[in-house]
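Quick note on numbering: the sequence shown equals residues 232 to 677 in this note's numbering. Backbone N, C-alpha and C fix where the C-beta goes; we use that ideal spot for every residue, glycine too. Read the structure below first, then the notes.
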Amino acid sequence: MRVLVIGSGAREHALVSALRRDPAVSAVVAAPGNAGIAQHAQTRPVDPCSAEAVVALATDTAADLVVIGPEVPLVLGVADAVRAAGFACFGPSAAAARIEGSKAFAKDVMAAAGVRTAHSEIVDNPADLDAELDRFGPTWVVKDDGLAAGKGVVVTADRSAARDHGAELLEQGHPVLLESFLDGPEVSLFCLVDGETVVPLLPAQDHKRVGDGDTGPNTGGMGAYTPLPWLPEDAVTAIVDDVVKPVAAELVRRDSGFSGLLYAGLAMGSEGPAVVEFNCRFGDPETQAVLALLESPLGELLNATATGTLAEVAPPRWRDGSAITVVIAAENYPGRPRIGDVITGAGEGSGDESAAVLHAGTALREDGTLVSAGGRVLNVVGVGADLAEARTNAYERIASIKLPGSHYRTDIGLAAVENRIEIPARQERDAEAVAVSSTADGDTRS
Ligand code: GLY
């Protein structure tokens, strides 16, 4: 099987590495890829958002399967064009990708499917912002109702910071989504979804804030670990049955059946899991840790999803132990990152499988020097018999990498190792906090 992977981040580097471990995959081409991906696969320059260019490349490379990594091409309908040209494609249609592309659509689907999520209001008129803010918080959750790579979200106990963010989004012409705050530790559960067939991968936890101890602004994700030692054993089954399957069924009912990776971002609160967000693609950086533990052939799983035969393949097998990924970010990320700095020590030649270096925002200068080319520059993925060992392996590898001005979190997975993560105990329900639909026609009680 010849596979074309679209995208250029560490998520795509992890996908390419895992695909190359599948004996049924004879060739992997990545477009546009990055300097690290180019060490394992042919890379070709292409605009991931140009359906025409992606179809032309699939034709040129005789791809048997096209895997689309990022959300923007999916929301723009690139998967539709690839399928229309006769290629098997891993990634949802534009209609189904609205589950990520429009938070208002996602809320509507969840309400109709009876799935618990935060109470929310859209504000599209600056004159309404203050009155709406008064109906929420503290804590305030202010989101861009569109795609913003995680950075469009502000979660704050400071009303004026919430107001400033909302006003700035409105000024840019973006509708604002205000949400009630969901308590409880977060879980990212990735599911392969083919219509109403749902196959979960290992649950993971992202670390979205830039600084240790969950301080500073939100980012696209600074690190992740899997599995989650604090998550009850039956939680994944409960999330699949109560959250992902109802949403997949509702999308089918709307003629927008999902095919690809449906990412449920959840808060494990006192009343059970509630959805923070859905994404229409593999999460970044959780994928880098999850795929490090995958033993099953990835190409077979993605191809089965793309060709409507997911129900026929064996469920994924996982190696024992834990994995973490730690993001090395450029100076000033998540603001405007400084790029063009020289990276040393990131070579993968050690043969040490307990810690791999994946590239995110990197490029090669003409003289072959590796330099930073984005906000999140590298990921170091550590695996170990347990989470503590995986952390040690990752952080020891990081110590040998040099990038001027860079920063990374030192506490990825630490709260789990120290048993500091608890799901809040069940208590009297705050009727305002969580919206649940109990009817099939989308009526939402809050
Ligand atoms: N880990 C956050 C995201 O992929 O959106």
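query	result
When you compare only the Cα positions, how much space is there between V471 and V424?	11 Å
Quick check on the DSSP output: the alpha helix (DSSP H) that includes V309 runs from which residue to which?	V309 to A315
Please name the residue, chosen from A561, L634, A594 and T556, that lies closest to T641 on a Cα-to-Cα basis.	T556
What did DSSP end up calling D472 once you bin it into helix, strand or coil?	helix
May I ask you to check if the CB of E243 is nearer than 7 Å to at least one heavy atom of ligand 1?	no
Could you check what DSSP says for T387 in three-state terms: helix, strand or coil?	strand
Hey, would you say the C-beta of A515 is under 7 Å away from at least one heavy atom of ligand 1?	This sequence places Asp at residue 515; Ala is not what is there. The answer is yes for D515.
For R550, count neighbouring Cβ atoms within 10 angstroms of its own Cβ and tell me buried if that reaches 16, exposed if not.	exposed
Quick test of your reading: P448 and P565, contact by CB under 8 Å. State the CB separation rounded to the nearest angstrom.	6 Å
Which runs of the alpha helix (DSSP H) spanning at least 4 residues fall entirely within the region 321-407, listed in chain order?	325-332, 334-344, 360-365 and 390-402
Measuring alpha carbon to alpha carbon, tell me which of A554, I643, S553 and A535 ends up nearest P546.	A535
Can you name, in chain order, every residue of its own chain whose Cβ lies under 8 Å from the Cβ of A480, other than the five neighbours on each side?	A344 and E427
To the nearest angstrom, report how far apart V340 and V478 are at their CA atoms.	7 Å
Given the structure, does N610 come close to ligand 1, in the sense that its CB is under 7 Å from one of the ligand's heavy atoms?	no
What three-state label does DSSP hand D425 in the structure shown?	strand
Check A245 in the structure and name its three-state DSSP category.	helix
Once DSSP output is grouped into helix, strand and coil, what is the label at D445?	coil
Can at least three beta-carbon pairs, one atom from the region 310-320 and one from the region 280-290, be found at a separation below 8 Å?	yes
How far does the beta strand (DSSP E) with I555 in it reach, from first residue to last?	S553 to A560
By a C-beta neighbour count over all protein chains shown, 10 Å radius and 16 as the cutoff for buried, is D219 buried or exposed?	Residue 219 cannot be examined here, being either before or after the span of the chain that is shown, 232 to 677.
Can you tell which of T593, V648 and E597 has the C-alpha that lies nearest to the C-alpha of P619?	Residue 619 is actually Ala in this sequence, not Pro. When each option's Cα is compared against that of A619, the closest is V648.
Using 8 Å as the threshold, is the C-beta distance between L459 and V475 below it?	no
Which of helix, strand or coil does DSSP assign to E517?	helix
Any heavy atom of ligand 1 closer than 7 Å to the CB of D215?	Because residue 215 is not part of the residues shown, which for the chain are 232 to 677, the question remains open.
Measuring only from the beta carbon, is N678 closer than 7 Å to any heavy atom that is part of ligand 1?	The question about residue 678 has no answer here: the residues shown for the chain are numbered 232 through 677.
Run the CB neighbour count on P416, radius 10 Å, all protein chains shown included, and call it buried at 16 or more, exposed below.	buried
Taking R607 as part of the alpha helix (DSSP H), name the residues at either end of that continuous run.	Run containing R607: none in the alpha helix (DSSP H); it sits in the beta strand (DSSP E), R607 to G615.
How far does the alpha helix (DSSP H) with V236 in it extend, from its first residue to its last?	From DSSP, V236 is part of no alpha helix (DSSP H) but of the beta strand (DSSP E) over R233 to G238.
Measure how close the beta-carbons of R347 and F336 come, nearest whole angstrom, since I'm counting them as under 8 Å.	Incorrect: roughly 17 Å between the Cβ atoms, too far for contact.
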